[in-house]
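Those protein sequences? They're chains A and B, same order as listed. Quick note on numbering that gives the first Met the number 0: the first sequence kicks off at 0 and runs consecutively. Quick note on numbering that gives the first Met the number 0: the second sequence kicks off at 0 and runs consecutively. A short write-up of the structure that comes next.
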Amino acid sequence: MCESRGISANKGLLRIALAGNANVGKSVLFNQMTGLHQHIGNWPGKTVERAEGTLYFKGYTIDIIDLPGIYSLSTYSIEELVSREYIVDEKPDLVINVVDASILERNLFFTLQLIELETPLIITLNQLDLAKRKGIVIDIKKLEEILGVPVIPTVAVKGIGIYELLNKVIEVFESKKEGKQSVILKKDEGAQSETSKGVSYCSISLEYGSEIEERIGKLSSLLEKNIFRYPIRYIAIKLLEGDQEIIKEMDEIDSKISTKAEEFATEIEEIHNHSCSTVITSERYEKAGSIARSIQEITTPIKPLIEERLHNITTHRILGYPIMIINLLSMFLLVFTFGGWLNTLLTNLFSGLQSIFQGTFGVGPISVLVWSLIEGLIAGITIVLPYIIPFYIILYILENSGYLSRIAFLMDNLMHKIGLHGKAFIPMMLGYGCNVPACLGCRIMETERERTLAAFVNTLVPCAARTVVILGLVGTFVGIQWALGLYIFNLIMIFLLGRLAFKALPGESTALMMEMSDYKTPNVKIALKQTWFRVLEFIKIAFPIIIIGSFIIRLLDVFGLMQPIASIFSPITVVWLGLPALTGIALIFGIVRKELTLIMLATLIGTTNFRLVMTPIQMIVFTIVVLFYIPCIATIAALIKEFRWKKAIFITIFEIFFAILLGGIALRILSLFL
Amino acid sequence: MIEENIKRLTDLRDGQSGIIIDIDMMPMRRRMRRKWGETRGNNDIFLFEVGLDNEYENCEFQQNEACQNLSAQSKLSSAQRLMDLGLTPGTKIVVVKSAPFKGPLEVLVRGARMALGREIASRISVELI
Numbered sequence: 000m001c002e003s004r005g006i007s008a009n010k011g012l013l014r015i016a017l018a019g020n021a022n023v024g025k026s027v028l029f030n031q032m033t034g035l036h037q038h039i040g041n042w043p044g045k046t047v048e049r050a051e052g053t054l055y056f057k058g059y060t061i062d063i064i065d066l067p068g069i070y071s072l073s074t075y076s077i078e079e080l081v082s083r084e085y086i087v088d089e090k091p092d093l094v095i096n097v098v099d100a101s102i103l104e105r106n107l108f109f110t111l112q113l114i115e116l117e118t119p120l121i122i123t124l125n126q127l128d129l130a131k132r133k134g135i136v137i138d139i140k141k142l143e144e145i146l147g148v149p150v151i152p153t154v155a156v157k158g159i160g161i162y163e164l165l166n167k168v169i170e171v172f173e174s175k176k177e178g179k180q181s182v183i184l185k186k187d188e189g190a191q192s193e194t195s196k197g198v199s200y201c202s203i204s205l206e207y208g209s210e211i212e213e214r215i216g217k218l219s220s221l222l223e224k225n226i227f228r229y230p231i232r233y234i235a236i237k238l239l240e241g242d243q244e245i246i247k248e249m250d251e252i253d254s255k256i257s258t259k260a261e262e263f264a265t266e267i268e269e270i271h272n273h274s275c276s277t278v279i280t281s282e283r284y285e286k287a288g289s290i291a292r293s294i295q296e297i298t299t300p301i302k303p304l305i306e307e308r309l310h311n312i313t314t315h316r317i318l319g320y321p322i323m324i325i326n327l328l329s330m331f332l333l334v335f336t337f338g339g340w341l342n343t344l345l346t347n348l349f350s351g352l353q354s355i356f357q358g359t360f361g362v363g364p365i366s367v368l369v370w371s372l373i374e375g376l377i378a379g380i381t382i383v384l385p386y387i388i389p390f391y392i393i394l395y396i397l398e399n400s401g402y403l404s405r406i407a408f409l410m411d412n413l414m415h416k417i418g419l420h421g422k423a424f425i426p427m428m429l430g431y432g433c434n435v436p437a438c439l440g441c442r443i444m445e446t447e448r449e450r451t452l453a454a455f456v457n458t459l460v461p462c463a464a465r466t467v468v469i470l471g472l473v474g475t476f477v478g479i480q481w482a483l484g485l486y487i488f489n490l491i492m493i494f495l496l497g498r499l500a501f502k503a504l505p506g507e508s509t510a511l512m513m514e515m516s517d518y519k520t521p522n523v524k525i526a527l528k529q530t531w532f533r534v535l536e537f538i539k540i541a542f543p544i545i546i547i548g549s550f551i552i553r554l555l556d557v558f559g560l561m562q563p564i565a566s567i568f569s570p571i572t573v574v575w576l577g578l579p580a581l582t583g584i585a586l587i588f589g590i591v592r593k594e595l596t597l598i599m600l601a602t603l604i605g606t607t608n609f610r611l612v613m614t615p616i617q618m619i620v621f622t623i624v625v626l627f628y629i630p631c632i633a634t635i636a637a638l639i640k641e642f643r644w645k646k647a648i649f650i651t652i653f654e655i656f657f658a659i660l661l662g663g664i665a666l667r668i669l670s671l672f673l
Numbered sequence: 000m001i002e003e004n005i006k007r008l009t010d011l012r013d014g015q016s017g018i019i020i021d022i023d024m025m026p027m028r029r030r031m032r033r034k035w036g037e038t039r040g041n042n043d044i045f046l047f048e049v050g051l052d053n054e055y056e057n058c059e060f061q062q063n064e065a066c067q068n069l070s071a072q073s074k075l076s077s078a079q080r081l082m083d084l085g086l087t088p089g090t091k092i093v094v095v096k097s098a099p100f101k102g103p104l105e106v107l108v109r110g111a112r113m114a115l116g117r118e119i120a121s122r123i124s125v126e127l128i
């Protein structure tokens, strides 16, 4: 939509960032503007999604970055830290502050901070359609006058206002280049700013109470001696608020400044009986509130909105839970029917390939090795992709519609028992199908610590492949009640290990403070787009790992190293776990795919009647090991992608040791009974 | 402020509203040594700004109290977070409903709907209106 038509002259590069609260429609706006010219990854070193895109408009190349949702520049979550750092360090040419027109007051709180930061700013007033239905009418001109920032009304989902927005972006950028300086106004002065083409580019300084302004003034004069990367007034305010990052920076330059700031902060504390940061935050909110009240008129609608009624049902004390269960089950079924269908389709597509390959290249060692690479690739395509594609689509639809937060609301206290909070329930539930999307889905948690904890717990959840082993081995040959018992045992272990990890991981659990934004009709097109880029990223990172893993295992096989390796492991497999030596090999193959443990075992003993080689106890012990030991290679790849090598390896090694330990103990305890 | 009308947020029934008085992070008198020197707080209820990092300063507590540095620290940054979300002293807050089994509270603040974990909600004191 926004491709330039025939304008070949490249006028230059613009870098803009979309910033604002969560759930205001930033991603929708981003997607509308960038189409398919997107790149989604992670912020370096963090498990926060980073979405960047490009568009071409009126001769300019515009790079857009969609910053994670941020409520305040006093950072709390890792997303807010990332957003703040980007705005300050990368200094984009323009920041588009996306504001939710239906929740003006809280959104303006952040806007006021952006103004204090003196970033070049344009405001988009988004979701005006929802605001209108809620009976909210906003005087946009007045808002522009009060804030001194251009305000563009938009309805991003419908594509309304986007062209005007981009026009304004260019306008502001060009007028900035022409050297129009920003003018800081004091409330009393009433000085007019320089305008050109009606574009006002001035800032109104936010006035706090006089006792605070006095101290800001004093700190500012202390600071004026140096040059900083932030505006001086902003630094003064942040020092009074006690912002650790700024204090650290100031200490390096002149520690007297922060001492003075602390002194002032204590004085304000004594005047108001609240900490200085509370006072400043309160006053800022009062300002946001008074601005909001002066520009909006609310006529409460007679009939409750459909979003309202939907919300009430889905969070209902009694009805909410069955509704959630139905939804989750359908989601689960959708992912697995679609996944299963796609899996069969792709498997059939590739099934003839092996014989063709062997027909052409023979079955010599080299051909087997080359084939293993292809096999790895096929495995990735046919096994993993069919499940993560529908998973991501459904996850994005759930997230964009707002239902995810209701699920978190309902499940929060239960998840607390494991040390996680409500949001962790969804990835965990999906882990019962496949651990890979479960681990990737952990990014919906707020802090790194919680993501790691959630991912760790998810690797313990028995995926479909492990279910194959439980049912195919124990269920069939020992008894269905034992199989059920194993599931319950697994849940108990998840609970215990979850709590253990919770205590062991440094940091504290975050209390649930979650916005439940109004329900929105999820945009399927956008969900598909988001899925597409996410899957692409996953393929780039995970596939090489899967392929190489498959190759290595085949390599060992070709060189006849399988038997020797099984013998090396026999102290563990035979002596400690009491299993036949062959199972060592089967377990190694299980690294690639868990079903392979059974498949390889059958291949090795030449029959699927496992009773011939294993006693019931051995079967149970074997299954316990399979349940808890090393996650499959695709899961490890997912862990690496989301959490980087160190954590992935740590979780893997821990689980190997844990599974072996557990298996051995189980053997000894079971031997007493059976 | 009438004493009987001062309650914890979790004491409010569905549909009741109150004006936030304070976020009660440290019910006992504490002394915290900050990075640059000692600061005294004279109030029973007060808040300090604390950064994101988990490095923590030493703190001294009255006798019979465990010095739970990390948990104190996270509670303080939670308080700041609540305020950033709009729960400042003097703000009207409405309890819409609470999830069963001592689950989170759904509240309405400044026109926005939020879920608050029970633990943190119990630390918010309000005046009933």
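Note that the Cβ used here is the ideal one computed from N, Cα and C, for glycine as well.
Of the listed residues the options, nearest to residue i (C-alpha basis)
| i | options | result |
| --- | --- | --- |
| residue 595 of chain A | A/619, A/309, A/625 | A/625 |
| residue 589 of chain A | A/615, A/548, A/614 | A/548 |
| residue 141 of chain A | A/249, A/290, A/127 | A/290 |
| residue 170 of chain A | A/523, A/56, A/86, A/421 | A/56 |
| residue 100 of chain A | A/153, A/493, A/361, A/525 | A/153 |
| residue 318 of chain A | B/111, B/3, B/99 | B/99 |
Local conformation of residue i per DSSP, three classes
| i | result |
| --- | --- |
| residue 92 of chain B | strand |
| residue 123 of chain A | strand |
| residue 665 of chain A | helix |
| residue 592 of chain A | coil |
| residue 124 of chain B | strand |
| residue 489 of chain A | helix |
| residue 112 of chain B | strand |
| residue 351 of chain A | coil |
| residue 136 of chain A | strand |
| residue 674 of chain A | In the structure as shown, chain A starts at 0 and stops at 673, and residue 674 of chain A therefore has no counterpart that could be examined. |
| residue 460 of chain A | coil |
Below-8 Å beta-carbon distance, residue i vs any chain B residue
| i | result |
| --- | --- |
| residue 400 of chain A | no |
| residue 408 of chain A | yes |
| residue 359 of chain A | no |
| residue 290 of chain A | no |
Contacts around residue i, its chain only, beta-carbon distance under 7 Å, and the 5 residues preceding and following it disregarded
| i | result |
| --- | --- |
| residue 219 of chain A | 231, 232, 235 |
| residue 481 of chain A | 473, 619 |
| residue 657 of chain A | 627 |
| residue 521 of chain A | 396, 399, 400 |
| residue 223 of chain A | 231 |
| residue 367 of chain A | 553, 557 |
Closer than 8 Å to chain A by CB, residue i
| i | result |
| --- | --- |
| residue 119 of chain B | yes |
| residue 23 of chain B | no |
| residue 81 of chain B | yes |
| residue 87 of chain B | yes |
| residue 7 of chain B | no |
| residue 12 of chain B | no |
| residue 115 of chain B | yes |
| residue 43 of chain B | At residue 43 of chain B, the pLDDT of 26 sits below 50, so the modelled position is not reliable; the number obtained from the coordinates is stated separately. For residue 43 of chain B, the answer is no, since every Cβ of chain A falls outside 8 Å of its Cβ. |
| residue 101 of chain B | yes |
| residue 126 of chain B | no |
Residues near residue i by beta carbon distance below 6 Å, same chain, minus five either side
| i | result |
| --- | --- |
| residue 385 of chain A | 338, 341, 342 |
| residue 116 of chain B | 103 |
| residue 529 of chain A | 395 |
| residue 575 of chain A | 663 |
| residue 515 of chain A | 404 |
Supposed contact pair residue j and residue i - C-beta distance, whole angstroms, cut 8 Å
| i | j | result |
| --- | --- | --- |
| residue 54 of chain A | residue 18 of chain A | That pair is no contact at about 18 Å. |
| residue 554 of chain A | residue 561 of chain A | With 8 Å as the limit, residue 554 of chain A and residue 561 of chain A do not qualify as a contact, their Cβ atoms being about 10 Å apart. |
| residue 592 of chain A | residue 378 of chain A | 7 Å |
| residue 533 of chain A | residue 39 of chain A | 6 Å |
Beta-carbon proximity list for residue i, same chain, < 8 Å, skipping 5 on both sides
| i | result |
| --- | --- |
| residue 463 of chain A | 335, 431, 432, 433 |
| residue 492 of chain A | 459, 627, 661 |
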